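Notes follow once the structure below has been shown.
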């Protein structure tokens with residue numbers, strides 16, 4: 034995907050200048066107030082006798098500004114040209130010049146720290162990089178690095194179970210912020226998928242280990258194809274996602290049955306059974322037809338309906354609804370882009 038946008042969207046940027054941040058928020062509220070007051074004076078939406086009071090407009094303006102810039106991980110988040118003036122200079126440099134690095138690493142520790150009283154506690158992982166002599170601390174917001182539109186159901190908790198796990202990371206060079214992390218394990222053991230099977234409709238799948246790329250991509254599968262090789266007794270599943278990621282899984286993998294349970298809503302079991310029973314079949318498409326065809330459209334259709342209804346009720350309700358939709362859009366706008374950073378970086 035657009036690497037710069039993904040890094041800016043999902044890398045925590047804790048503000049170190051809170052006074053300036055509040056002033057920026059008040060300035061944004063003032064601009065919104067000026068726009069609403071001008072619209073009411075020109076009677077664009079409402080008759081003159083129904084003009085709202087100035088205190089009401091002030092309150093609505095402040096609420097709209099907060100909704101536009103609130104961030105659950107760091108309280109406030111502004112456009113980058115403003116944000117870079119409020120955050121740590123090293124992080125601002127990394128974000129501006131895309132100082133991205135990748136490496137294999139082993140987790141040797143974890144902690145939570147709070148550098149300033151107005152900031153939320155930040156999660157850090159102590160990693161031993163493959164080309165480093167000593168372990169270093171890296172900032173890694175596990176609630177946010179997996180909390181994209183694609184991985185919204187994964188909730189990784191930092192516990193001692195992480196220690197010793199081999200991972201692949203992309204991180205910012207100077208500030209050492211991790212922007213992407215995945216387990217380095219091969220897809221030959223699916224015991225970790227048991228949590229998916231136990232709670233298929235849970236809002237979050239709580240994990241105590243860093244998931245593999247395949248687990249992070251389970252809800253983006255577009256097609257599944259089964260095939261056999263002449264020199265093997267089992268068969269393979271060729272899993273392709275909406276964004277072109279491909280995974281080759283061997284049926285002899287440990288707890289392969291759990292993966293089959295997770296994929297069951299996506300599989301055409303008539304074709305799958307036929308492939309299993311007829312050993313002469315070398316290749317068979319086993320994914321259900323019309324898989325995920327309309328997934329990208331429904332959020333925008335829903336937003337349009339909500340906005341139309343809100344403006345029909347009252348123009349102020351429409352303005353507030355528009356701000357809320359902008360906030361929600363930030364959580365789904367990247368769904369047309371690949372979720373992983375695949376470019377080679379040095």
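Numbering (this note's numbering), first residue to last: 34 to 379. Glycine residues also receive a C-beta, built at the ideal position from the N, C-alpha and C atoms. The structure displayed is predicted, hence computed values, not measured ones.
Bridge partners - residue i, DSSP secondary structure assignment
i, result
"residue 222", "287"
"residue 269", "260 and 283"
"residue 137", "201"
"residue 339", "Residue 339 pairs with nothing; no bridge assigned."
"residue 161", "139"
"residue 171", "158"
"residue 320", "300"
"residue 215", "201"
"residue 104", "108"
"residue 146", "155"
"residue 353", "DSSP output for residue 353 lists no bridge partner at all."
"residue 192", "Note: residue 192 sits in no beta bridge, so no partner."
"residue 239", "188"
"residue 210", "172"
"residue 358", "Beta-bridge pairing links residue 358 to no other residue."
"residue 274", "254"
Nearest candidate by alpha-carbon position, reference residue i, set the options
i, options, result
"residue 262", "270, 240 and 256", "270"
"residue 355", "41, 49 and 101", "101"
"residue 54", "139, 319 and 151", "151"
"residue 254", "320, 63, 350 and 137", "320"
"residue 176", "41, 193 and 155", "155"
"residue 119", "290, 264 and 56", "56"
"residue 273", "46, 258 and 359", "258"
"residue 104", "43, 210, 306 and 134", "43"
"residue 211", "70, 309 and 131", "131"
"residue 227", "195, 209, 213 and 289", "289"
"residue 208", "122, 314 and 61", "122"
"residue 196", "136, 50, 205 and 216", "216"
"residue 294", "224, 59 and 52", "224"
"residue 266", "302, 276, 313 and 61", "313"
"residue 71", "87, 45, 245 and 306", "87"
"residue 46", "61, 52, 73 and 111", "111"
"residue 63", "264, 52 and 99", "99"
"residue 149", "306, 51, 336 and 39", "51"
"residue 187", "73, 37, 214 and 205", "214"
"residue 37", "59, 205 and 73", "205"
Distance CB(residue i)-CB(residue j) smaller than 8 Å
i, j, result
"residue 284", "residue 268", "yes"
"residue 238", "residue 198", "no"
"residue 174", "residue 143", "no"
"residue 161", "residue 125", "no"
"residue 140", "residue 97", "no"
"residue 48", "residue 95", "no"
"residue 280", "residue 334", "no"
"residue 107", "residue 179", "no"
"residue 252", "residue 373", "no"
"residue 189", "residue 240", "yes"
"residue 133", "residue 41", "no"
"residue 287", "residue 219", "no"
"residue 157", "residue 146", "yes"
"residue 69", "residue 358", "no"
"residue 260", "residue 310", "no"
"residue 135", "residue 164", "no"
"residue 304", "residue 318", "yes"
How about the stretch 88–98 and the stretch 157–171: do they share at least three Cβ pairs that are nearer than 8 Å? no
Check whether the stretch 344–353 and the stretch 292–299 touch, using three or more Cβ-Cβ pairs below 8 Å as the test. no
Meets three-Cβ-pair contact criterion under 8 Å: the stretch 104–115 and the stretch 198–213: no
Identify every run of the alpha helix (DSSP H) within the stretch 37–98, keeping only runs that are complete inside it and at least 4 residues long; order them along the chain. 51–74
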